[in-house]
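Please read the structure below before turning to the comments.
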Amino acid sequence: MTKVCTNTHLFDVYILDLLKKYKENKEPISVNFRDLVPQITNMDRYTHFIHSYPAKLLQQIPYFFLNNTIFSKENDIVLDPFCGTGTVLLEASVANRNAIGIDINPIAALIAKTKTSKENILKLKKELENIQALFKIYSSSKKQYRIPKISNIDHWYSKNNIRKLSKIKDVISQIDDTNIKEFYLVVFSICCKKFSYCDPRISVPVKINKDKFPEGHALREDAIKNLEFINKSEVFEYFIEQAKKNITRLTEYQNSSMMNSNEVIVYNSDIKHLAKKQIKKKLVQLILTSPPYVSAQKYIRASSLSLQWLELNNATISELDKQSIGREHFPKSEYDYLHTLGMNKIDKILSKIYERNKLRAYITYRYLFEMQESFSHYYQVLKSNGYFVMVIGNNTIAGYEFMTHKYLIEIAERVGFSTELILIDDIKSRGLMTKRNKTASVISREYIVVFRK
Ligand SMILES: C[S@@+](CC[C@H](N)C(=O)[O-])C[C@H]1O[C@@H](n2cnc3c(N)ncnc32)[C@H](O)[C@@H]1O
Numbered sequence: 000m001t002k003v004c005t006n007t008h009l010f011d012v013y014i015l016d017l018l019k020k021y022k023e024n025k026e027p028i029s030v031n032f033r034d035l036v037p038q039i040t041n042m043d044r045y046t047h048f049i050h051s052y053p054a055k056l057l058q059q060i061p062y063f064f065l066n067n068t069i070f071s072k073e074n075d076i077v078l079d080p081f082c083g084t085g086t087v088l089l090e091a092s093v094a095n096r097n098a099i100g101i102d103i104n105p106i107a108a109l110i111a112k113t114k115t116s117k118e119n120i121l122k123l124k125k126e127l128e129n130i131q132a133l134f135k136i137y138s139s140s141k142k143q144y145r146i147p148k149i150s151n152i153d154h155w156y157s158k159n160n161i162r163k164l165s166k167i168k169d170v171i172s173q174i175d176d177t178n179i180k181e182f183y184l185v186v187f188s189i190c191c192k193k194f195s196y197c198d199p200r201i202s203v204p205v206k207i208n209k210d211k212f213p214e215g216h217a218l219r220e221d222a223i224k225n226l227e228f229i230n231k232s233e234v235f236e237y238f239i240e241q242a243k244k245n246i247t248r249l250t251e252y253q254n255s256s257m258m259n260s261n262e263v264i265v266y267n268s269d270i271k272h273l274a275k276k277q278i279k280k281k282l283v284q285l286i287l288t289s290p291p292y293v294s295a296q297k298y299i300r301a302s303s304l305s306l307q308w309l310e311l312n313n314a315t316i317s318e319l320d321k322q323s324i325g326r327e328h329f330p331k332s333e334y335d336y337l338h339t340l341g342m343n344k345i346d347k348i349l350s351k352i353y354e355r356n357k358l359r360a361y362i363t364y365r366y367l368f369e370m371q372e373s374f375s376h377y378y379q380v381l382k383s384n385g386y387f388v389m390v391i392g393n394n395t396i397a398g399y400e401f402m403t404h405k406y407l408i409e410i411a412e413r414v415g416f417s418t419e420l421i422l423i424d425d426i427k428s429r430g431l432m433t434k435r436n437k438t439a440s441v442i443s444r445e446y447i448v449v450f451r452k
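Just so we're aligned, residue 0 is where the sequence shown starts under numbering that gives the first Met the number 0, counting upward by one.
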């Protein structure tokens, strides 16, 4: 079991020192979060690994920003408006903060909710026994089952796996208790990816192709092994194995947060509608988030198979995509002329990009415009003197290095925030990250900017 010190004063002295240094020099300070947080030795802590997701936040970052009394105190409210699978929410809960998460992606919201679930472990285990019994019935009899509507299903799955996944979906549909059902839907979603022909090295669905690599190449061997595993079709067995692992993880989380009185709420919603949600104005003490990048990750597309199997989305996948910040598809009529934000540095880079590529300029403009909209919401819900911590990297757009953090700082300051600290962490590849920099793809820099209202 992971032993983690949750002393909330842990980083106080160090943080005060960083804030002082930045105030004096106004220069970004280099840090290494892995070294800074030696308390985390095993990344499979609590429920962090219950389901994969592209560009998950490094756990050490929320751990650092939540285990101190400067940015927030116990029982304060912490908001992650782009919560993804809930890395911040989980760390906030263990550090005894109340947490609110928002994400447009129904799969991400489901994982985040399950990650911080207080569902009774005995009930989960009992349900797993029922599921196992039903699997036996479904395997041996000619029980009817329904195949969900999945576009191009035969391209992504073998007949055998379609049958078995559909049966699992049928079994889970029979669970009455919503929380228990959601827990098993997360396990099911793992299987939907694992038993598809999707290349596990790529976040969006792309078929495994062993012939892309020559005989003897390690990646060819990996592809062959993956295909063998998929074709063995041990879907029920794998489901049970993953369910047990996730029950163990949830038990560890619940044991660690047992004495805490906090609450975690997750909304599956568009951040642009945050104002309409129940988050009361001026109640949030800390906003801690890693927002999307300009056209860097296709979160909805990455989850598209699970979204179809789980039939979670009221909206269609393309509608969800249209609400995602950082998206790439726009009708030509929208980018026929140069759009600007009325901010010097930003307008300059937008017009440079426009010279090279009109669509890229519009994608960038829409990203910055929508981030500005979301920052205005943050300003409304944050307490006076509250903090907003943003983790973001740079990328390349139309051949220009796009210093995302600089432009977002300009926007945040226009909204009313003051910049209190900039940290830089050189991160080793976080897997599944879209290549953001043409020249240096393995090591990229992440900027952590601390704002104050
Ligand atoms: C960098 S990821 C966050 C990852 C998260 N920190 C984690 O550890 O799992 C950014 C998230 O922003 C979400 N997102 C994009 N546009 C959004 C919008 N308009 N409203 C809410 N969430 C959005 C994406 O679905 C994605 O999950």
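We treat Cβ as the ideally placed atom computed from N, Cα and C, and that holds for glycine. Owing to the predicted nature of the structure, the values given are computational and were not obtained by experimental measurement.
Distance from the C-beta of Gln371 to the nearest heavy atom of ligand 1 is not below 7 Å. For Pro80, the closest alpha carbon among the candidates Ala98, Ser29, Tyr334 is that of Ala98. With a cut-off of 8 Å on Cβ pairs, the region 292-306 is in contact with the region 181-199, counting three or more such pairs. Remark: the C-beta of Lys321 is outside contact range of ligand 1, defined as less than 7 Å to any heavy atom. Three or more beta-carbon pairs drawn from the region 411-421 and the region 368-377 are found closer than 8 Å, and the two stretches are therefore classed as touching. Approximately 6 Å separates the beta-carbon atoms of Lys168 and Pro147; this is inside 8 Å, confirming the contact.
Ser202 and Ser139 have their alpha carbons spaced roughly 35 Å apart. Among the bridge pairs identified by DSSP, Lys206 is matched with Cys197. Rounded to the nearest angstrom, the gap between the Cα atoms of Leu249 and Lys114 is 7 Å.
Between Ser232 and Asn159, the CB-CB gap stays under 8 Å. Residue environment for Glu126: buried (at least 16 other C-beta atoms within 10 angstroms of its C-beta). Taking each of Ile106, Lys112, Phe63, Ser116 in turn and checking the Cα distance to Ala94, the smallest one comes out for Phe63.
Between Arg355 and Gly398, the C-beta spacing is below 8 Å. Counting only the Cα atoms, Ala91 lies some 10 Å from Glu262. With a contact defined as Cβ atoms closer than 8 Å, Ala108 and Asn267 qualify at about 4 Å.
Nearest to Gly325 by alpha-carbon distance, out of Asn66, Asp210, Val293, is Val293. At least one heavy atom of ligand 1 sits closer than 7 Å to the Cβ of Cys82. Ala132 counts as exposed, since fewer than 16 other beta carbons sit within 10 angstroms of its beta carbon. The beta carbons of Thr84 and Gln58 sit no closer together than 8 Å.
Closest option to Gly392, judged by alpha-carbon separation, among Phe194, Gly215, Glu445: Glu445. Annotation for Glu445: the continuous beta strand (DSSP E) segment containing it runs 442-451.
Apart from sequence neighbours up to five positions away, the residues of its chain that approach Leu273 with a beta-carbon distance below 6 Å are His376, ordered along the chain. Annotation for Thr40: no beta strand (DSSP E) segment contains it, and DSSP assigns it neither H nor E. Taking 7 Å as the cut-off, the C-beta of Ala98 does not count as close to any heavy atom of ligand 1.
Taking the CA atoms as reference points, Ile423 sits about 6 Å from Val30. Uninterrupted beta strand (DSSP E) stretches at least 3 residues long and entirely within the region 267-342 occur at 283-288, given in chain order. Of the heavy atoms belonging to ligand 1, at least one sits nearer than 7 Å to the Cβ of Lys55.
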